[in-house]
Structure formats: structure tokens, C-alpha cells
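Structure record follows, encoded as C-alpha cells.
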Amino acid sequence: MLIEWHDSLRVGFEPIDREHQILVALINRLHDDVIVGRDRDTVEEGLFTLADQVAAHFNHEDGLMRTWSYPDRPGHLLEHRRLIEQLDILLDGIDLLTGPALIEAIGFMDRWFTDHVVGSDARLGAYLRASTASAA
Ligand SMILES: [Fe+2]
Ligand SMILES: [Fe+2]
0 MLIEWHDSLR VGFEPIDREH QILVALINRL HDDVIVGRDR DTVEEGLFTL ADQVAAHFNH
60 EDGLMRTWSY PDRPGHLLEH RRLIEQLDIL LDGIDLLTGP ALIEAIGFMD RWFTDHVVGS
120 DARLGAYLRA STASAA
């Protein structure tokens, strides 16, 4: 396991926290599959599943930012783009990927995810919590 889910990763907005837990589980599984030397198809499938779930999650966050007129939407989307680009590079070169390159890429995702969640997503979560509470 690479990332341990703990309360400091919670942003306090349940739909986002739920999706983050799924992403953490997928990153951990991918990491473990590479570490134990699982076959290439399994690793590739894990990477594609992760990319799909990341894209869906980012779309979901973007929808929430639009709905609630989040002021820092452009900056937040820029951060999302960095991870999407990294995943695109990985998926484009998937046939040539070696174990160490994959471990390095997964390490990047781990650091990106943790930094983004405790920083940008935490601010978004607080904003959504306040916005949805005052609209209720
Ligand atoms: Fe985000
Ligand atoms: Fe997020």
C-alpha cells in the first residue's frame, strides 16, 4: 500500500471524499500490482481504470465548481490538467513502460494526489460545504 487513507485527506464534502477514497484504492492497487510483478495486462488494465476514474472525478469536481461559481476554478482546473497530462504520457507509451518507470510515475501520482487533496480540494470542499449549507 502506498497511500494510507486517513482523516487529514478528508475535504469534508462527502461525494468528493467518497471518490477520493476510490482513487486512493486504485493507486494503491496499481502500485502493489507493479511491486509484486503482476502481468502486463493486469497493470495496463489498472492504469486505464485509474485514468477513467480520474477523468470522471475531475469532471464531477468541475461540474460542482460551475454550479456553485467557485472563484478559483481556473487555477484548480490547471492543477487537474497536470495529472491528466502525466496519465496521457503514461498511456501513450504504455508498451515501452518498464517497472522502475512505472514506480516513478505512480510516485508522482501519489505526491500530486496528496498535495492537491490537502490543498486545493480541501479549499474547494470547504467552499462547497458553506455554499450548499447556505442554499439548504
Ligand atoms: Fe480537484
Ligand atoms: Fe479531487
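Numbered according to numbering that gives the first Met the number 0, the sequence shown spans residues 0 to 135. Cβ atoms here follow ideal geometry from the backbone N, Cα and C, with glycine treated the same way.
Specify the secondary structure class of residue i as computed by DSSP and reduced to three states.
i	result
A135	coil
R65	helix
I102	helix
I15	helix
M0	coil
P73	helix
T97	coil
R37	coil
V42	helix
G92	coil
V53	helix
H5	coil
Given a cut-off of 8 Å on the beta-carbon distance, is the pair residue i and residue j in contact?
i	j	result
I26	D109	yes
I11	G124	Ile is not the amino acid found at residue 11; the sequence shown has Gly there. Yes. Within cutoff.
A50	L86	yes
L63	L22	no
E13	H56	no
I105	H5	no
Name the residue from the options whose alpha carbon lies nearest to the alpha carbon of residue i.
i	options	result
L1	H19, R28, F12, Q20	R28
I102	L127, L46, P73	L46
D114	A135, D61, D91, H75	H75
R9	T131, S130, A132, F112	F112
G98	P70, V116, G36	G36
R39	E84, L95, A24, P70	L95
R122	T41, D91, R72, T48	R72
Apply the 10 Å Cβ neighbour rule to residue i and answer buried if 16 or more other Cβ atoms are within range, or exposed otherwise.
i	result
H79	buried
P59	Here residue 59 turns out to be His, not Pro, going by the sequence shown. Looking at its Cβ environment, which holds fewer than 16 other Cβ atoms inside 10 Å, H59 is exposed.
D120	buried
D32	buried
So residue i and residue j are supposed to be a Cβ contact under 8 Å. How far apart are they, rounded?
i	j	result
E43	I88	That pair is no contact at about 15 Å.
S130	W67	5 Å
V53	L82	7 Å
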